[in-house]
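The letter at position 112 of the sequence shown is residue 208 when you use the working numbering, and the numbering goes up by one with no holes.
We put the beta carbon where it would ideally sit given N, CA and C, even for glycine.
Owing to the predicted nature of the structure, the values given are computational and were not obtained by experimental measurement.
To keep things clear, I will list the structure first and then write my remarks on it.
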Amino acid sequence: MKNLLLIICIIFAYTLSINAQSISITTDGSEPHESAILELKSIEKGLLIPRMSTESRDAIEDPAESLWIYNTTKRCFEWWDVETNRWIVISCACYESEDPEEILASNDEICEGESVDLTVTGGSLGDEAAWEWYEGDCGGTDVGTGESINVSPATTTTYYVRAEGICNVTECISITIVVHPSPDPVAESNSPICDSQDLNLTVNAGTSWIWEGPNGFSSTDQNPTIVSATSSATGTYYVTVTDANGCTGTDQTDVIVHEDLVFTPG
């Protein structure tokens, strides 16, 4: 009785068309296409083929050529190939990566010779996907793989990142790292001088300065003076210059202070 009611429900829900060669199950009463032995038509429902685990699939005795199943273990559609005596994968579920949202930089302005950490945020990785980084343009020069990378650009550079996997490739997002050149100071002095003369040290660049030299000499003046220098001031003076961008450069100058000559009457 239950089976009979089921058949009646199916007949009311769908129109079954049968001719000598073809069968169609449709919701609009249309005839099956002449090229099809069976045609199913619906805009509300899909087709469910047998679903089973790998263990259940392998328990099928003498499967027919092209037997089609859905493997719930592997999440793949498969069919049986008699010639090779194995199950062939038709397609598998594929999780796509989602677009990244932002690149975070440990510092988006650096000085020449420094490095910066870049980290991609937002988005997600799909099946067998990874974050791929490029410079120049999206898909350009490969500079790394992973959620975070460390780079040391020599000049201002734009970096790009996107997810790449077997299912899809996402859109790229980018960040520009500004690289400020280091100052190129030139340190000079009025050397050589004689004992007891003033020693004048000069440098041509920067917004702050640190001088160091013989006898523990130090100064934060741009152009310091050692008044009445003696021969003990002879040596190398080093200056570290910092510019408005916080970048530094160094230079040095050698100084000679001659001792006064002492004449002894003979």
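Minimum Cα-Cα distance from S149 among the listed residues H129, S162, E174 corresponds to E174. Taken in chain order, the whole alpha helix (DSSP H) runs of length 4 or more contained in the segment 119 to 162 are 150 to 154.
Distance from the CA of E308 to the CA of D350, rounded to the nearest whole angstrom, comes to 12 Å. Rounded to the nearest angstrom, the Cβ distance from D294 to T321 is 5 Å, consistent with a contact under 8 Å. By the criterion of at least three beta-carbon pairs nearer than 8 Å, the segment 281 to 298 is not in contact with the segment 262 to 270.
An exposed status is given to E179, since fewer than 16 other beta-carbon atoms sit within 10 Å of its beta-carbon. The closest CA to that of V216, considering only E224, E194, T336, is found on E194. For L221, there is no enclosing beta strand (DSSP E), since its DSSP letter is neither H nor E. Relative to A283, the option among Y333, G219, S315, A329 whose CA is nearest is Y333.
The three-state secondary structure of N311, taken from DSSP, is helix. By the beta-carbon neighbour count (other beta carbons within 10 angstroms, threshold 16), D339 is buried.
Here I199 is near L214, since their CB atoms are less than 8 Å apart. Here S324 carries a coil assignment [DSSP, helix/strand/coil]. Under the three-state reduction of DSSP output, A340 falls in the coil class, being neither helix nor strand.
Shortest Cα-Cα distance from P288 to any of T326, D317, S304 involves T326.
Around the C-beta of C343, 16 or more other C-beta atoms lie within 10 Å, and the residue is accordingly described as buried. N246: member of the beta strand (DSSP E) spanning 244 to 247, first to last residue. Secondary structure at A329: helix, using DSSP grouped into helix, strand and coil.
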